[in-house]
Structures are given as structure tokens and as C-alpha cells.
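A short worksheet on the structure shown next.
This is the structure we're talking about:
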């Protein structure tokens with residue numbers, strides 16, 4: 001086919017196409033002409049395939065584009081984190097699906113994406129009712145608990161989920177079965193310790209010890225207590241490290257548990273002598289008393305033993321027959337007769353046909369007999385190492401002798417059912433008690449501030465105002481004092497109260513403690 005273009009060699013207009021290559025050629029002289037059918041092999045990430053390099057790739061030697069590489073690395077990171085958390089393949093797929101839903105299938109990369117994976121893992125386990133502490137996930141994804149918590153909140157809000165509350169009972173069961181501190185304990189003892197722990201945890205829920213607090217320190221405190229109760233050698237520092245919680249907080253919760261048990265022990269005949277230091281000697285009786293109290297159907301608020309069906313005959317017979325298990329020190333037998341001083345407000349009541357018909361003299365005789373037999377036994381076996389060992393172990397009964405585990409409090413209950421149970425002690429939340437103490441403290445501070453104002457404004461008439469008890473003022477500022485004696489027994493709170501009183505602020509408003517708001521309304525509001 002001729003072309004209007006002339007041949008560059010013979011200048012004839014006999015240009016045609018080669019049948020094989022399709023390139024222009026002169027039909028007269030056969031000279032190959034310049035190309036006019038060049039197709040440039042260029043394009044974007046979705047362009048055509050080049051001759052040497054695949055167009056749109058990150059470079060030579062790879063067959064993945066940027067998006068495919070990002071998704072591959074993200075999925076690999078998810079699998080690595082799920083392996084570190086010990087998730088099954090099913091749970092791992094649920095976490096991956098949640099990540100895909102949140103990112104709309106785009107995944108991601110960087111620190112935020114790692115935190116997102118940890119947040120989705122926490123949410124999946126919480127929905128499934130499995131215990132997974134945020135602090136554990138935070139340590140694996142290398143972030144703090146607050147950053148992880150914020151991400152969890154954002155994911156829950158984005159997906160419009162409703163998470164169930166943290167189940168402290170399931171958490172207790174998980175750690176008591178998987179903690180290295182209890183790895184050498186037999187399965188039967190683990191089962192008994194679990195029931196005792198569930199009982200105590202739900203008692204702490206009833207006593208508001210878990211309200212507004214982190215639950216894992218409470219779990220650690222209960223684990224340590226039931227371990228000591230069953231003579232299992234554990235250290236609170238080891239348990240705290242295994243649960244990844246602060247040791248100081250665990251010690252504080254453990255002390256609160258002992259203080260609550262001491263208050264419960266006030267219902268026992270010898271309860272006045274029970275303290276935080278010796279509560280472990282009486283822990284078996286206190287918990288048995290709580291267990292019987294919780295099984296009582298009588299809802300009378302009277303705290304006498306007859307209301308719970310306390311088996312006094314069985315208890316005394318058991319004490320007499322197992323005197324070696326109650327190895328008491330010599331100091332414990334001093335003034336023992338005071339336990340049988342009849343106090344109708346706290347001791348056994350003998351009113352009514354169904355009450356205990358037992359006299360003071362009879363109880364004293366039985367107890368004296370038991371004490372004499374124990375004295376003979378101790379003098380005979382004073383060099384016995386087993387007795388010494390039991391004394392160091394608080395002289396407690398074996399768990400098979402006192403623990404029945406028949407109470408419903410040993411099983412998982414709803415909060416409503418827990419609150420309705422009677423375990424021998426009803427207390428208000430610690431925050432409420434602290435608020436009441438702070439309210440009374442502010443009232444005393446207001447009274448002292450009024451006295452100082454009157455003394456300053458009317459020096460000659462200072463004696464006319466009611467005298468304020470100096471002891472109460474010392475009590476008000478007792479928490480603010482340092483070891484070094486201060487020149488003035490006032491602090492910033494006293495100055496603020498004086499300022500508010502001088503601006504005619506009502507005492508009722510000051511007692512509430514909203515100082516900043518009151519200062520803005522009455523002092524700085526020009």
C-alpha cells in the first residue's frame with residue numbers, strides 16, 4: 001500500500017508495510033523507513049505491562065503493589081499478636097474480622113494499628129466472657145493501659161457494641177487454675193480453694209470493696225488469703241507479678257479483707273479479742289460463721305448465734321477431740337473467762353423456747369475442761385516438731401474439718417442475689433464512709449474558722465463565743481501534720497473557708513466541699 005510519504009533513499013512514493021513486522025518499507029528499493037506505529041509502554045499503577053519491569057510495582061523483583069503489601073504485613077502482625085496472646089484459630093479469625101470491619105478492609109500500619117489489634121482482642125474476649133486483663137494486652141502491644149482503654153472505647157462506640165461487665169469470679173477461677181504459684185497444688189485442694197475464693201470475693205462485692213476499684217488486686221488478695229488458709233506457701237509479691245498488678249495495691253486490698261473479717265468476728269463470743277494480726281487464727285471459725293449465716297433463711301437482723309443455727313455442741317466436741325489442732329499459745333489463754341461474761345446485746349440470748357438453754361457456768365466448765373486437756377497435751381509434746389509447725393501455721397484446722405462449701409455464696413451469683421445474702425456484716429461503701437468523715441471534718445473546720453474570725457474582729461469579746469474543744473481541732477488537722485512541728489495549725493483549706501465565710505457564703509454550701517465553684521461564684525465574680 002502506497003503512502004504519501006517519500007522514501008528517504010530513492011525519494012519515490014512507494015512506501016508500504018512489511019507483511020511480517022508491519023513496519024514501513026520502500027517497495028522500490030526495500031529501504032526500511034522510520035517507525036510511525038510506536039506504542040509507548042508506560043502507565044500508572046494500573047497501566048499496561050512493560051517490557052523489562054512490571055509497571056506499578058515498588059521496584060524490580062517484586063510482584064506485589066503497595067496495597068497488597070500493606071494487607072499482607074497487617075495480617076501477619078495480627079497472627080503474631082494472637083499467637084502471643086494464646087488465642088485459638090477461631091478467636092483469631094474473630095479478631096481479624098473485627099479489624100476488617102473497623103478499617104473497612106483497608107487494614108493499616110504503624111503503632112495505632114497495633115493498639116487497634118489489642119483493643120479488638122480485648123473486646124472479643126470480653127464478649128465471649130473470657131478473662132483477659134487489659135494490662136496483659138498492653139504489655140504485649142507495648143502501650144499503656146490508658147491508650148489501650150481509649151482505643152477500646154472508640155471501637156465499642158464505632159461498632160455500637162454493649163460489652164458485659166468484668167466477671168471477677170471467672171477471673172479468680174482463671175488465675176487460680178493457671179497461676180504458677182498454684183501449679184503444684186492438687187486438683188482437689190484447688191477446687192476447695194476456688195469455692196472459698198468465690199465465697200470471699202462475693203462477700204467483698206457485698207461489702208463494696210470492689211466498687212470503683214480495679215478488680216485484679218482484689219483477686220490477688222483473695223488468692224493469697226485462701227492459700228494461707230489452706231497452708232499453701234505463696235508470697236503476695238509473686239501473685240501480684242503473675243497478675244501484673246501493683247504490689248502496693250494488692251497489700252491494701254488484702255488489709256481491707258482482713259479488716260472486714262475482723263468486723264465479722266465481732267459476732268463471735270471471743271470476737272472482741274480478734275484483730276488484724278491474729279485473724280488467721282480465727283479465720284476458720286469466722287468463715288464458718290459467715291457460711292452458716294449466709295445459709296440462714298431467717299432475715300432477722302439480730303446477730304446472735306441462734307439465728308444461724310450455729311452447732312455449738314459439735315464445735316465444742318470437735319475442739320475437745322482435736323485439741324492438738326487448736327494449739328494455742330500461753331498468751332491466748334489469759335483472761336479467757338471474759339468470753340463467758342454475759343452481755344445480752346452481743347452474747348448468746350436464752351430468751352424463747354427455741355434458743356440455747358445453756359448456762360454461763362456450764363460453758364465455763366466445758367471451756368476449762370478443754371483448756372486443761374490442751375495444757376496436758378502441750379506439756380507432753382512440748383518438743384514435738386509437728387506441734388511447733390502447727391503453731392506457726394496459726395493453729396488452724398485442716399480444711400476438710402471446717403469447710404463445707406454448701407452455701408450458695410460459694411457459687412457464682414448475680415449482684416442482686418449477693419446483696420440480699422446475709423454474711424454477718426453489712427457496711428456502706430468505703431467512698432461513702434470517707435465522704436461522711438470528710439463532711440464532719442469540714443464542719444469542724446468551719447467552726448474553727450468562725451472562732452478565728454470572731455477573735456480577730458472582736459479581740460476584747462473573744463471569750464464570749466463558745467469555746468471550741470482543742471482536741472477536736474487537733475483531730476481536724478491531724479492528717480495534715482508533718483513530723484516537724486508547724487508554727488501555725490492551719491492549711492490552705494482553712495484559709496479558703498475563712499474567705500468564703502467572710503463573703504457571706506452559707507455554711508451548708510461550704511460543707512459540701514466545692515471550694516473552686518464557691519470561690520468563682522462569690523469571690524472572683526466581680
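Residue numbers (UniProt numbering): 1 to 526.
The C-beta atom is built at its ideal place from N, Cα and C for all residues, glycine as well.
Predicted, not measured: the structure shown is a model, and the values here were computed from it.
Alpha carbon to alpha carbon, how far is residue 137 from residue 158? Give it in angstroms, no decimals. So the two alpha carbons sit approximately 21 Å from each other.
Q) Quick one: is residue 192 buried, meaning 16 or more other Cβ sit within 10 Å of its Cβ, or exposed? A) Residue environment analysis places residue 192 among the buried positions, since at least 16 neighbouring C-beta atoms fall within 10 angstroms of its C-beta.
| task | Tell me whether residue 434 sits in a helix, a strand or coil according to DSSP, three-state version. | result | Residue 434 sits in a helix when the DSSP states are folded into three classes.
First and last residue of the uninterrupted beta strand (DSSP E) at residue 17: Counting along the chain, the beta strand (DSSP E) containing residue 17 begins and ends at 15-17.
Task: For residue 90: DSSP bridge partner residues - done: As computed with DSSP, residue 90 is found in no beta bridge at all.
Shortest alpha-carbon distance to residue 240 belongs to which of 81, 233, 218, 435? Selected option, being the one with the closest Cα: 218.
In the DSSP assignment, find the beta strand (DSSP E) that holds residue 25 and state where it starts and stops. It spans 24-26 - the beta strand (DSSP E) in which residue 25 sits, taken as one unbroken run.
- Item | Straight-line Cα distance separating residue 497 from residue 457 | If you take the alpha carbons of residue 457 and residue 497, they lie about 16 Å apart.
Counterpart residues of residue 32 in DSSP-defined beta bridges: Answer by DSSP bridge pairing, in chain order: 25.
query = Which residue comes first and which comes last in the alpha helix (DSSP H) that contains residue 215?
reply = For residue 215, the enclosing alpha helix (DSSP H) stretches over residues 215-229.
Quick check on the burial criterion: 16 or more other C-beta atoms within 10 angstroms. Buried or exposed for residue 475?
Summary for residue 475: the model assigns pLDDT 49, below 50, so the residue's position carries little reliability; its value from the coordinates is reported in the next sentence. Looking at its Cβ environment, which holds fewer than 16 other Cβ atoms inside 10 Å, residue 475 is exposed.
What is the C-beta distance between residue 175 and residue 429, in whole angstroms, given that I count them as a contact (C-beta under 8 Å)? With 8 Å as the limit, residue 175 and residue 429 do not qualify as a contact, their Cβ atoms being about 25 Å apart.
### Query
What do you get for residue 276, buried or exposed, if any count of 16 or more other CB atoms within 10 angstroms of its CB means buried?
With fewer than 16 Cβ atoms within 10 Å of its Cβ, residue 276 is classed as exposed.
**Of the listed residues 112, 111, 273, 116, nearest to residue 96 (C-alpha basis)** = Nearest option by C-alpha distance: 116.
**Prompt:** Since residue 532 and residue 131 are thought to touch, with beta carbons under 8 Å apart, how far apart are those beta carbons, to the nearest angstrom?
**Reply:** Residue 532 lies beyond the range of the chain shown here (1 to 526); nothing can be said about it.
Between the segment 492-510 and the segment 439-450, are three or more C-beta pairs nearer than 8 Å?
With the cut-off at 8 Å, the segment 492-510 and the segment 439-450 touch.
How about residue 140 and residue 85: do their beta carbons lie closer than 9 Å?
Taking the C-beta atoms as reference points, residue 85 is found nearer than 9 Å to residue 140.
* Asked: Taking the alpha carbon of residue 129 as the point to measure from, which residue in 293, 405, 165, 270 has its own alpha carbon closest?
  -> That would be 165, whose Cα lies nearest to the Cα of residue 129.
Query raised in the report: Straight-line CA distance for residue 454 to residue 440?
Result: Between the C-alpha atoms of residue 454 and residue 440 there is a straight-line separation of about 21 Å.
Short of 7 Å in beta carbon distance, which residues of its chain neighbour residue 206, apart from the five on each side in sequence? Order them along the chain. The answer, listed in chain order, is 418, 419, 421, 423.
By a C-beta neighbour count over all protein chains shown, 10 Å radius and 16 as the cutoff for buried, is residue 30 buried or exposed? Answer is exposed; the Cβ neighbour count stays below 16.
Contact set for residue 537: own chain, Cβ-Cβ below 7 Å, skip 5 residues either direction = Residue 537 is absent from the structure shown; the chain starts at 1 and stops at 526.
Cβ neighbour criterion (16 or more within 10 Å) applied to residue 504
Result: exposed.
With a threshold of 8 Å on Cβ separation, who are the neighbours of residue 149 within its own chain once the five nearest residues in sequence on each side are excluded?
Within its own chain, the residues whose Cβ lies closer than 8 Å to the Cβ of residue 149, once the five positions on either side in sequence are excluded, are 134, listed in chain order.
Should the segment 276-288 be called in touch with the segment 232-246, which here means at least 3 C-beta pairs below 8 Å? Between the segment 276-288 and the segment 232-246, the count of Cβ pairs shorter than 8 Å is below three; the stretches do not touch.
Within-9 Å CB hit, residue 125 to chain B: Here chain B cannot be found, since the structure has a single protein chain.
ask   = Is the beta carbon of residue 123 less than 9 Å from the beta carbon of residue 145?
value = Contact flag unset, no.
Check whether residue 197 and residue 234 have beta carbons under 9 Å apart:
Not closer than 9 Å, so no.
query = How would you label residue 265, buried or exposed, when you count the other beta carbons within 10 angstroms and need 16 or more for buried?
reply = Residue 265 sits buried, since 16 or more C-beta atoms from the chains shown fall within 10 Å of its C-beta.
Taking the alpha-carbon of residue 427 as reference, which of 290, 511, 260 has the nearest alpha-carbon? Among 290, 511, 260, the Cα nearest to that of residue 427 is on 260.
Point to revise | Burial state of residue 403 (16 or more Cβ within 10 Å) | key: Around the beta carbon of residue 403, 16 or more other beta carbons sit within 10 angstroms, so the residue counts as buried.
ask   = Expressed to the nearest angstrom, what Euclidean distance is found between the alpha-carbon atoms of residue 34 and residue 19?
value = Their backbone Cα atoms lie some 16 Å apart in a straight line.
Can you tell me which of the three DSSP states residue 509 falls into? In the structure shown, residue 509 sits in a helix (DSSP, three-state: H, G or I).
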